[in-house]
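Student: When we follow this note's numbering, the leftmost residue of the sequence shown carries the number 35, and every step to the right adds one.
The beta carbon of each residue, even a glycine, is placed where N, CA and C say it ideally should be.
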Amino acid sequence: MCPGPGADPDGSADVRHTLVIVASALAVLGCRSSRGGSTTSGGISISHAVVPASPSPTDASAFMMIENTSAAPDSLTGVSSPDAELVMLHEMVDNRMEMVEGLAVPAESRVLLAPGGYHLMLHRLTRPAAVGDTLTLHLQFAQAGEVVVRAPVLRYTEAIELLP
35 MCPGPGADPD
45 GSADVRHTLV
55 IVASALAVLG
65 CRSSRGGSTT
75 SGGISISHAV
85 VPASPSPTDA
95 SAFMMIENTS
105 AAPDSLTGVS
115 SPDAELVMLH
125 EMVDNRMEMV
135 EGLAVPAESR
145 VLLAPGGYHL
155 MLHRLTRPAA
165 VGDTLTLHLQ
175 FAQAGEVVVR
185 APVLRYTEAI
195 ELLP
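#1: Would the beta-carbon of Leu156 fall within 8 Å of that of Asp117?
#2: Note down the Cα distance separating Leu146 from Glu180, rounded to an integer number of angstroms.
#3: Identify whether Thr160 lies in helix, strand or coil by the three-state DSSP scheme.
#4: Short check: CB of Arg189 to CB of Thr168, under 8 Å?
#5: If you measure between the beta carbons of Val182 and Val85, is that distance less than 8 Å?
#6: Using only the alpha-carbon positions, how far apart do Ala94 and Ala87 sit?
#7: Let me confirm a value: Leu173 is counted as buried when at least 16 other C-beta atoms fall within 10 Å, else exposed. Which label applies?
#8: Expressed to the nearest angstrom, what Euclidean distance is found between the alpha-carbon atoms of Leu153 and Ala105?
#9: Tell whether a beta-carbon distance below 8 Å holds between Ser75 and Ser81.
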């Protein structure tokens, strides 16, 4: 049987069409995952850093994934931001926030800062954190030193969807 006029006898149009669909899907997924801030320094990688927009003009929370890619343990010992007078590490315990002095990040492991667990609280913001803004966080690690990450301010649902 002969293909009709305009037909694609070798199926190359189908292959091209499939490649376009796959490339488009990868581009969309890539854009989604790159919306959160990320950086790497001294064996510490920060990814998925986000600040959910807050109804409070003076306070906000920040979430992220901290990964220690080195063979030695490390710990988060402090956090600061030019965008807030005070940044504290908190953990949710019995449905209450409790301040934590530091956070262990074992060798070759990940620690997630997310709702219901560990998270950062930014107090006395220099300006309200509006959707579309970016806040800078300076994370101090015992071994890796300072790691700076820029976290976009997103709507709460968007921010949570970006977390792994």
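Tutor: For this structure:
#1: Contact: yes.
#2: A direct Cα-to-Cα measurement between Leu146 and Glu180 gives close to 18 Å.
#3: Note: Thr160 maps to coil in three-state DSSP.
#4: Using a Cβ distance threshold of 8 Å, Arg189 and Thr168 do not count as a contacting pair.
#5: Contact: no.
#6: Distance between the alpha carbons of Ala94 and Ala87: 7 Å.
#7: Classification for Leu173: buried.
#8: What sits at residue 153 in the sequence shown is His, not Leu. Cα to Cα, the separation comes out at about 25 Å.
#9: Going by C-beta atoms, Ser75 is not nearer than 8 Å to Ser81.
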